[in-house]
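Structure, as structure tokens:
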Amino acid sequence: MTEAANILPANDENLSAAATRLKSGGLVAFPTETVYGLGADARDDRAVARIFEAKNRPSFNPLIVHVLDLPSAAQYGEMDARAQQLAAAFWPGPLSFVVPRRADSGLSLLVSAGLDTVALRAPAHPLARNLLTRFGGPIAAPSANTAGEVSPTLASHVAQSLGTNVDLILDGGACAVGLESTVIDLCGDRPALLRHGAVTLEQLQDVLGVVDDATRPADGQAPRSPGQIARHYAPSIPVRLNASDAVAGEVLLGFGSGVPEGVQNLSPSGDLTEAAANLFAALRALDSPEHRAIAVMPIPETGLGRAINDRLRRAAEAHNG
Ligand code: AMP
Ligand code: MG
């Protein structure tokens, strides 16, 4: 028997119920002017891990963090003069900035997929803004669909795609833009467009002068996907997978109940959501030159385990030539 998804009209009562859900680590789908987002508290590792679980994503991609305005964005990322100019021109609206993460941001490492950068956007949709105001914090939200499906522009699309994997769906009618937000990378000297969207390259160039189009392959190079541009976080020391033990000089990263005491453990109870929530913080904690390598105990290749193993394999390969 399939249970029906929890679609509610976006009135005052349900908006406040949605904010309460977010505060207790729940998942709430809500309309933005681009597409419906699958939202969670961006500071809560467990809640963010649940996003990946609900979408059945086979890998951890960085997520866009939704905020009300420039001052709130500046709490989480370095909003330089270029970001301020762009925000003045296009926020609130369908434009996301990838900027350096502030060390004191308090954001989950999982929203950045372990990177030192964060994507920030202030959406224009009145219901998204109403929810942000009631919640009073940053909301991580990718599109509210299962991995590989098209983005939802109606509450019923979300229900069809995610069913009861989402705690509550706020129905705000059809999304006006129906296209994902434009993504611009402001981490380097030259601004770079990472994803096309409703705000065009020409509009960005009008404000900033030069903006590189990183969505197109440079001459003689393979096309760059957003995932490649994001660069994957990898520890500076080697990672060895499916280890039963640490050998000389290695440090062990455990999973499950059979882990020796005093060893860092992704989840003593073998819970993959907890393991995903702890992954990047654990890797960073063990990434020290005093160790020769990080030896990671086996993680089951099911559910979120696939995304965890995908990230660990990339980290392992980063040191294999
Ligand atoms: P979605 O949240 O599903 O709309 O997708 C987010 C988009 O923003 C993807 O194309 C990501 O690769 C990109 N993105 C988010 N955060 C970062 C980041 N820290 N660095 C680079 N790209 C990012
Ligand atoms: Mg998507």
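With the working numbering, the residue at position 263 of the sequence shown is 491, and numbering never jumps. Ideal Cβ positions, reconstructed from N, Cα and C, are used throughout, including at glycine.
Between the beta-carbon of residue i and the beta-carbon of residue j, is there less than 7 angstroms?
i, j, result
"A368", "P380", "no"
"R329", "T345", "yes"
"L421", "D441", "yes"
"L360", "L296", "yes"
"N537", "E529", "yes"
"P237", "D399", "yes"
"P354", "T260", "no"
"E408", "G425", "yes"
"L414", "A311", "yes"
"T501", "A277", "yes"
"G342", "V327", "no"
"A543", "A462", "yes"
"A233", "A387", "yes"
"A404", "I235", "no"
"A474", "A513", "no"
"A270", "V339", "yes"
Can you tell me the Cβ-Cβ gap for residue i and residue j, rounded? I've got them flagged as a contact below 8 angstroms.
i, j, result
"R357", "S244", "Contact flag wrong, Cβ pair sits at about 14 angstroms."
"N493", "F508", "So it is not a contact: roughly 15 angstroms between Cβ atoms."
"A347", "F318", "So it is not a contact: roughly 15 angstroms between Cβ atoms."
"S300", "R539", "The Cβ separation is near 29 angstroms, so there is no contact."
"V378", "L335", "Contact flag wrong, Cβ pair sits at about 28 angstroms."
"A505", "D273", "4 angstroms"
"G267", "F258", "6 angstroms"
With H, G and I counted as helix, E and B as strand and the rest as coil, what does DSSP make of residue i?
i, result
"A311", "helix"
"P259", "strand"
"F288", "coil"
"Y264", "strand"
"M229", "Unreliable placement is indicated for M229, whose pLDDT of 40 sits below 50; no coordinate value is reported for it."
"I457", "Caution is warranted here: a pLDDT of 46 is assigned to I457, below 50, making its placement in the model unreliable, and no coordinate value can be reported."
"L580", "Residue 580 cannot be examined here, being either before or after the span of the chain that is shown, 229 to 549."
"R452", "Residue placement at R452 cannot be trusted, given a pLDDT of 45 that sits under 50; the coordinates are not used to answer."
"E502", "helix"
"I397", "strand"
"D434", "helix"
"H519", "coil"
"H385", "helix"
"R271", "coil"
"I536", "helix"
For the ligand AMP, I want to know if residue i counts as a neighbour, meaning its beta carbon is within less than 6 angstroms of at least one of the ligand's heavy atoms.
i, result
"L429", "no"
"P320", "no"
"A426", "no"
"R349", "no"
"L291", "yes"
"T392", "no"
"L343", "yes"
"V326", "yes"
"V378", "no"
"S340", "yes"
Since residue i sits in a beta bridge, which residues does DSSP pair it with?
i, result
"Q492", "L481"
"L469", "Bridge partners of L469: none, in fact."
"F325", "L348 and I412"
"H224", "Limits of the chain in this structure are 229 at one end and 549 at the other, which puts residue 224 out of reach."
"L421", "I412 and D441"
With a threshold of 7 angstroms between beta carbons, is residue i in contact with chain D?
i, result
"P237", "Absent from the structure is chain D; it holds one protein chain and no more."
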